[in-house]
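Below is one structure, written out as structure tokens, with a few remarks after it.
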Amino acid sequence: MSKKILITGGAGFIGSHLADFFIKKGFKVSVLDNFLTGNINNIKHLYNEKNFELVEHDITKPIRFKDKIHYILHFASPASPIDYLKLPIQTLKVGALGTHVCLGIALAHKSRFLLASTSEVYGDPEVHPQPESYWGNVNPIGPRGVYDEAKRYAEAITMAYHRTHKIETRIVRIFNTYGERMRLNDGRVVPNFITQALKSKPLTVYGDGSQTRSFCYISDLVEGIYQLLFSRITSPVNMGNPIETSILEFANIIKKLTGSKSRIVFKKLPQDDPKVRQPDISMAKKAFQWYPGVKLDDGLKKTIEWFQQNLK
Ligand code: UDP
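So this is what it looks like as structure tokens:
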């Protein structure tokens, strides 16, 4: 009998890639989504799979499942800084109430629970690169605080259920990830720059572009999450690509790969925008030899191709 896996936010960018991955591995996959930021087009191709089901539901509200659920991956959440501004309360609720509901299901079904956490728990970091042992530098009342604090709470309640109810839990702290199915207009740097470059519009660099990020291709992340789920590590694990670039450099990479003649323009840096970000991934490397193998240029080429097909 196939094991059943529930993926909240399964119609989102990362969630839908996880759904594909676990269907291919022979699992029964239940995608749960309320389509606030998820997209039906990300999962339509799975409708004919006998092991696939879609549950349209808001995970902040209780829900019961009859059939045994073996694994829960909690990936539901708005995930772009623009979304946090538009959907601050939903962002807080899905991290807090949504995680609580998932843990309740995990308790009832004796499921293993994996939380999608984030590099945002480190805030604007004063330690670089960021190891899991760093407690972070978050502004709780700033515009990003709704996401950062929701995820920090989610980690706290996950560990509380693990310690109190002995639930098997895993926590992945995901750093910037990119690839096919990112929302075209979600406002993050990858969709923005690619869309702007393809439409010959100016690339909007915020601040002077000296802030850094480290970009991981989706297939590397999905493989890492799979490894983590079946590892024995209950403390948070960073996942991301440790190769760091400045945002200005990144704009030039996108220009080169798209062959675009777009100009680069500088706009105001959003409040609390982290100045640096790079994962220390020694824990994942040591525990299950995980290391992202897809080169930035290769991942971006595939992503650009997908944007070309999907931009109107
Ligand atoms: N950024 C930018 N231009 C854009 C969108 C984002 O310069 O059009 C910058 C943003 O200020 C941040 C970095 O790119 O420093 C990554 O932003 P993103 O929204 O992708 O996610 P974050 O890593 O901040 O969560």
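Oh and the sequence shown: position 37 is 74 in the working numbering, straight run, nothing missing. Beta carbons: idealized from backbone N, C-alpha and C, even for Gly.
Subject >> Where the beta strand (DSSP E) containing R149 begins and where it ends >> reply: In this chain, the beta strand (DSSP E) harbouring R149 covers R149 to T155.
**OP:** On the DSSP bridge assignment, give the partners of H107 in chain order.
**Re:** Answer is none; H107 lacks a bridge partner.
Original post:
Per DSSP, which one or two residues make a beta bridge with P316?
Top reply: DSSP output for P316 lists Q167 as bridge partner(s).
Original post:
Terminal residues of the continuous beta strand (DSSP E) containing K304?
Top reply: Run containing K304: I301 to K304, per the beta strand (DSSP E) assignment.
Subject >> Rounded C-alpha distance that separates E163 from R300 >> reply: Roughly 33 angstroms between the two C-alpha positions.
**OP:** Check whether the Cβ atoms of P180 and Y121 sit closer than 8 angstroms, and answer yes or no.
**Re:** Their beta carbons are under 8 angstroms apart, which means P180 touches Y121 by this criterion.
**OP:** Give a yes or no on whether the C-beta atoms belonging to D161 and D309 are separated by under 8 angstroms.
**Re:** Note that the C-beta distance between D161 and D309 is below 8 angstroms.
Subject >> Assigned exposure category for D245 - 16 Cβ within 10 Å defines buried >> reply: So D245 counts as exposed.
**OP:** For P273, count neighbouring C-beta atoms within 10 Å of its own C-beta (all shown protein chains included) and say buried if the count is 16 or more, exposed if not.
**Re:** So P273 ends up on the buried side.
Original post:
If we ignore side chains and look at the alpha-carbon of each, how far apart do K236 and Q315 end up?
Top reply: The alpha-carbon atoms of K236 and Q315 are separated by roughly 30 angstroms.
Subject >> Proximity test, V226 beta-carbon vs ligand 1 heavy atom, cut-off 7 angstroms >> reply: Yes.
**OP:** Tell whether a beta-carbon distance below 8 angstroms holds between I44 and F150.
**Re:** Against a cut-off of 8 angstroms, the Cβ pair of F150 and I44 comes out as no contact.
**OP:** Out of L265, P228 and L294, point me to the one whose CA is closest to Y108's CA.
**Re:** For the residues L265, P228 and L294, the minimum Cα distance to Y108 belongs to L265.
Subject >> beta-carbon I291 near ligand 1 non-hydrogen atom, thresh 7 angstroms >> reply: Answer for I291: no, Cβ out of range of ligand 1.
Original post:
Would you say the segment 74–86 touches the segment 46–53, given that touching needs at least three Cβ pairs under 8 angstroms?
Top reply: Judged by Cβ distances under 8 angstroms, the segment 74–86 makes contact with the segment 46–53, as three or more pairs qualify.
Original post:
Between the beta-carbon of I211 and the beta-carbon of S247, is there less than 8 angstroms?
Top reply: Not closer than 8 angstroms, so no.
Subject >> Start-end ranges of the alpha helix (DSSP H) lying completely within the segment 82–147, minimum 4 residues >> reply: Qualifying alpha helix (DSSP H) stretches, in chain order: 118–123, 125–130 and 136–146.
Subject >> For I208, three-class secondary structure by DSSP >> reply: It is a strand residue.
Original post:
Hey, how far is the Cα of T340 from the Cα of K298?
Top reply: Whole-angstrom Cα-Cα distance: 19 angstroms.
Original post:
Given that a residue counts as buried once 16 or more other Cβ atoms are within 10 Å of its Cβ, and exposed if not, what is I178?
Top reply: Per the 10 Å Cβ criterion, exposed.
Original post:
Where does the unbroken alpha helix (DSSP H) through S53 begin, and where does it stop?
Top reply: Residues F50 to K61.
**OP:** Reducing DSSP to helix, strand and coil, say where L221 ends up.
**Re:** Looking at L221 - three-state DSSP - the assignment turns out to be coil, as it is neither helix nor strand.
Original post:
Is H146 close to chain D, meaning its C-beta is less than 8 angstroms from at least one C-beta of that chain?
Top reply: This model lacks chain D altogether, as it is built from one protein chain only.
Original post:
Which partner residues of D70 appear in the DSSP bridge assignment?
Top reply: Residue pairing by DSSP puts D70 in a beta bridge opposite E93.
Original post:
How about T136 and T195: are their beta carbons less than 8 angstroms apart?
Top reply: Judged by their CB atoms, T136 and T195 are nearer to each other than the 8 angstroms cut-off.
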